[in-house]
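Undergrad:
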């Protein structure tokens, strides 16, 4: 089989990509071979004649909503077999379920009037049956893949409309009874909080219980593998409930608007759980003031062992949450405590941390996730022989149980990818047609999420109510409390327990593990300042980070940890490699590592604002999309992504903006004002400034070309400042 590009076909309201598929359908003996009585499949190639058939594959590239819905009925005829799945997974970015259902049933599915409507020449009974089958197949796929689209309490208008259609056109069919059952299920189903496992509010505790700081003995009573299994159980329950379209960049990026406080609840629930795990790690290490150094070090060691157990269970969500907590400012600065952690465990911690290295757009974690997505068990490899033996022993115990494992991903990776796709690709192309090529790209990510959700069905975990209740009872330390307790613990440490020579050796070893250098640079000791989560103008924040690992426990979705890694590299690669991944609606968790007091942890999409901005749709971005997707901190194919924050706000409250080599200061300034929900006509009142360093900045002239004028050797961070 061979494929050949057949160009494009343009129709009224639609553009199609055409591919010619050439397939060998017969191999027969040639004339001389037939005279000798030979058969085609028994002769060498030179004595045979091959017959080929060429078929045309049409895949819609862009179109109006009407054409996209009509294509649901014709996709199989055009050999575009994945179209229905792609449409159903992504249509919420440009249409509502009601709009699609009305077009499908009223315009294309009315069997009495369709012969005069959009689908031509349906006069015969045979054509009517064909249409009935096509409509039924689309509706069946919709109910199979996206039944949540019809959950619209209390009226369930779409489901009732569908039921009425089936009664009139397909009475007493299996489809009709299925829709009736779904309606009853929705009506009888009690409203269930998707974050029930990880909520820490006192209202979720049984009578008489209060939030508390766990004592070390109680925490130590839980075996490491039990803790990992219970964290995995909670993560699996939440991840399986994630509605894939909630992850789309155009939807997730709108979460900070006031009217969208209930947007994407299934994604928010996973983020709440991630942050709850991170805060639990910090509370158990710092919550008790009078712990001895060795006791605190033992708790750190226990969490590293739990992280390793999560790795064996292929739970990358809790694994990253634990690693992020241990890399946070308040835990990282406990130098004396880290000196008491054994060498083998420190090496294990280093190997686990390497999984989430931000090198080359988190390539290591991406490759590992795809490698283990459908594997039965984890593929463990350790450079340390002792750790390798322990890992293989634990893995063998898992295999002996005879139960396959699923894979729980770190959702932030997918959220970041989808937000960057939404930022880089336009929603509409020339003629106001919906850009369906963008939806095909997004579906590649959505399909991975669905595959991993399916793999989670392989887990066979039983909830341990004792641990779950303990986990719920944990009181999370605020930012100020955590930093204060960290300073107190370090100040109280007996610095004489180690000889000067031993101390120097341990400091060098820890420095190598954390910073990758032989020079130990302790974190700054200034108390961290909480970054704002909103501006004075009431704009929504796309990325609100906290400077340290402490939080206000009243904010259940605040982000929790500030990892400290190697000094910031101005030439970092990848989409958003200096910020790594899960953002809540008021905070974010990232892997920014320039300084331990400035790092932040952000969640998947926290680094960029990418909603379906009016600037993209109105045409301020050129219609030609570069083959290489633009990224942050790197100029590719005449485009790149910059971050613009408002003067006076914290640098972490920024908006990501796509610029090309054709954009000048007025265009970029207007786009930045729109992103920050400010009046776009006030362009003349603002100036755009690139931050070069703490004491240097580059001010652009009024009509300068931003792409060519910017300094490409430093971070692409800009400030929009009101002129004096």
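Residue numbers (full-length UniProt numbering): 1 to 724. For glycine and all other residues, C-beta sits at the position ideal for the given N, C-alpha and C.
So, with DSSP's three-state summary, where would you put residue 313?
TA: As a position in the chain shown, residue 313 is number 313, starting the count at 1. Correct three-state label for residue 313: coil.
Undergrad: Locate the beta strand (DSSP E) running through residue 5, then write down its first and last residues.
TA: Start at 1 with the first residue of the chain shown, and residue 5 comes out as number 5. 2–11 is the extent of the beta strand (DSSP E) around residue 5.
Undergrad: In or out: residue 311 buried (at least 16 other Cβ within 10 Å) or exposed?
TA: In the chain shown, counting from the first residue as 1, residue 311 sits at position 311. Counting Cβ neighbours within 10 Å, residue 311 comes out buried, since at least 16 surround it.
Undergrad: Under DSSP, the beta strand (DSSP E) around residue 646 begins and ends at which residues?
TA: Here residue 646 is taken as the residue at index 646 of the chain shown, counted from 1. Residues 639–646.
Undergrad: What did DSSP end up calling residue 709 once you bin it into helix, strand or coil?
TA: Counted from its first residue, the chain shown places residue 709 at position 709. In this structure, residue 709 counts as helix in the three-state DSSP scheme.
Undergrad: Roughly how many angstroms lie between the CA atoms of residue 485 and residue 474, to the nearest whole one?
TA: Within the chain shown, residue 485 is the residue found at index 485, counting from 1. Within the chain shown, residue 474 is the residue found at index 474, counting from 1. Distance between the alpha carbons of residue 485 and residue 474: 17 Å.
Undergrad: Can you give me the Cβ contacts of residue 727 inside the same chain, cut-off strictly under 6 Å, excluding the 5 residues immediately before and after it?
TA: Since the first and last residues shown for the chain are 1 and 724, residue 727 lies out of range.
Undergrad: By DSSP, does residue 17 sit in helix, in strand, or in coil?
TA: Position 17 of the chain shown, counting from 1, holds the residue named residue 17. Of the three classes helix, strand and coil, the one that applies to residue 17 here is strand, per DSSP.
Undergrad: To the nearest angstrom, how far is it from the Cα of residue 330 to the Cα of residue 370?
TA: Counting from 1 along the chain shown, the entry for residue 330 is found at position 330. Counting from 1 along the chain shown, the entry for residue 370 is found at position 370. For residue 330 and residue 370, the distance between alpha carbons rounds to 33 Å.
Undergrad: If you count every other CB in all the chains shown that lies within 10 Å of the CB of residue 229, and 16 or more means buried, which is it?
TA: Within the chain shown, numbered from 1, the residue matching residue 229 stands at position 229. Per the 10 Å Cβ criterion, buried.
Undergrad: Where does residue 478 sit, in a helix, a strand or coil, going by DSSP?
TA: Mapped onto the chain shown, residue 478 falls at position 478. Residue 478 falls in the coil class under three-state DSSP.
Undergrad: Helix, strand or coil for residue 661? Go by DSSP, reduced to three states.
TA: What you label residue 661 is simply residue 661 of the chain shown in a count that begins at 1. Of the three classes helix, strand and coil, the one that applies to residue 661 here is coil, per DSSP.
Undergrad: Looking at the structure shown, is residue 130 part of a helix, part of a strand, or coil, going by DSSP?
TA: Looking up residue 130 in the chain shown gives position 130. Reduced to three states, the DSSP call for residue 130 is helix.
Undergrad: Taking three-plus beta-carbon pairs below 8 Å as touching, is the stretch 326–346 in contact with the stretch 245–261?
TA: Taking 8 Å as the limit for Cβ pairs, the verdict is that the stretch 245–261 does not touch the stretch 326–346.
Undergrad: Can you grab the Cα-Cα spacing for the pair residue 328 / residue 98, in whole Å?
TA: In the chain shown, counting from the first residue as 1, residue 328 sits at position 328. In the chain shown, counting from the first residue as 1, residue 98 sits at position 98. If you take the alpha carbons of residue 328 and residue 98, they lie about 46 Å apart.
Undergrad: Going by CA-CA distance only, name the one from 702, 74, 718 that's closest to residue 696.
TA: Taking the first residue of the chain shown as position 1, residue 696 is located at position 696. Selected option, being the one with the closest Cα: 718.
Undergrad: Please list the terminal residues of the continuous alpha helix (DSSP H) segment that includes residue 445.
TA: For this step, residue 445 is matched to residue 445 along the chain shown. Here the alpha helix (DSSP H) through residue 445 covers 436–455.
Undergrad: Which word fits residue 462, buried or exposed, when buried means at least 16 other C-beta atoms lie within 10 angstroms of its C-beta?
TA: One-based indexing of the chain shown puts residue 462 at position 462. With fewer than 16 other Cβ atoms within 10 Å, it is exposed.
Undergrad: Measure how close the beta-carbons of residue 320 and residue 410 come, nearest whole angstrom, since I'm counting them as under 8 Å.
TA: Your numbering for residue 320 matches position 320 in the chain shown. Your numbering for residue 410 matches position 410 in the chain shown. The Cβ separation is near 5 Å, so the contact holds.
Undergrad: Would you decide whether residue 279 is buried or exposed? Buried here means 16 or more other CB atoms lie within 10 Å of its CB.
TA: Locating residue 279 in the chain shown gives position 279, where the first residue counts as 1. Its Cβ being crowded by 16 or more others within 10 Å, residue 279 is buried.
Undergrad: For residue 698, write down the residues that DSSP places opposite it in a beta bridge.
TA: Against the chain shown, residue 698 aligns to sequence position 698. Partner(s): 690.
Undergrad: Just the Cα atoms here: how many angstroms apart are residue 103 and residue 482?
TA: Within the chain shown, the letter at position 103 stands for residue 103. Within the chain shown, the letter at position 482 stands for residue 482. Rounded to the nearest angstrom, the two C-alpha atoms are 56 Å apart.
Undergrad: Under the three-state reduction of DSSP, which class applies to residue 114: helix, strand or coil?
TA: One-based indexing of the chain shown puts residue 114 at position 114. At residue 114, the pLDDT of 46 sits below 50, so the modelled position is not reliable; the number obtained from the coordinates is stated separately. Residue state, collapsed to three classes: helix.
Undergrad: Please identify the residue among 667, 62, 430, 351 whose C-alpha is closest to the C-alpha of residue 704.
TA: Looking up residue 704 in the chain shown gives position 704. Considering only alpha carbons, the answer is 667.
Undergrad: DSSP three-state call for residue 675: helix, strand or coil?
TA: In the chain shown, the residue the question calls residue 675 occupies position 675. Helix at residue 675.
Undergrad: Whole angstroms are fine: how far does the CA of residue 413 sit from the CA of residue 150?
TA: For this step, residue 150 is matched to residue 150 along the chain shown. For this step, residue 413 is matched to residue 413 along the chain shown. Cα to Cα, residue 150 sits roughly 28 Å from residue 413.
Undergrad: At 4 residues or longer, and completely inside the UniProt domain "N-terminal Ras-GEF" (56–187): list those alpha helix (DSSP H) runs for me, N to C.
TA: The qualifying runs are 65–74, 83–90, 97–102, 125–145, 157–169.
Undergrad: Taking the Cβ atom as the reference point for each residue, do residue 248 and residue 423 lie within a distance shorter than 8 Å?
TA: Residue mapping note: residue 248 aligns to position 248 of the chain shown, counting from 1. Residue mapping note: residue 423 aligns to position 423 of the chain shown, counting from 1. Not in contact: residue 248 and residue 423 (Cβ atoms no closer than 8 Å).
Undergrad: Taking buried to mean at least 16 other C-beta atoms within 10 Å of its own C-beta, is residue 175 buried or exposed?
TA: To locate residue 175, count along the chain shown from 1; it is residue 175. By the 10 Å Cβ count, residue 175 comes out buried.
Undergrad: Enumerate in chain order the residues of its own chain whose CB-to-CB distance from residue 440 is below 7 Å, with the five nearest sequence positions on each side excluded.
TA: As a working mapping, residue 440 is identified with position 440 in the chain shown. Cβ neighbours of residue 440 beyond the five flanking positions: 86.
Undergrad: In three-state DSSP terms, what is residue 407?
TA: Locating residue 407 in the chain shown gives position 407, where the first residue counts as 1. Of the three classes helix, strand and coil, the one that applies to residue 407 here is coil, per DSSP.
Undergrad: Would you mind sorting residue 181 into buried or exposed? The rule is 16 or more other CB atoms within 10 Å of its CB.
TA: Counting from one through the chain shown, the residue named residue 181 turns up at place 181. By the 10 Å Cβ count, residue 181 comes out exposed.
Undergrad: Could you give the distance in angstroms between the alpha-carbon of residue 148 and the alpha-carbon of residue 301?
TA: Translated into the one-based positions of the chain shown, residue 148 becomes position 148. Translated into the one-based positions of the chain shown, residue 301 becomes position 301. So the alpha carbons of these two residues sit roughly 43 Å apart.
Undergrad: Per DSSP, residue 24 forms a beta bridge with which residues?
TA: What you label residue 24 is simply residue 24 of the chain shown in a count that begins at 1. According to DSSP, residue 24 bridges with 52.
Undergrad: On the premise that residue 253 lies in contact with residue 419, defined as a C-beta separation below 8 Å, what is that separation, rounded to the nearest angstrom?
TA: For this step, residue 419 is matched to residue 419 along the chain shown. For this step, residue 253 is matched to residue 253 along the chain shown. Confirmed, about 6 Å.
Undergrad: Can you grab the Cα-Cα spacing for the pair residue 239 / residue 708, in whole Å?
TA: The residue given as residue 239 occupies position 239 in the chain shown. The residue given as residue 708 occupies position 708 in the chain shown. Between residue 239 and residue 708, the C-alpha separation is close to 43 Å.
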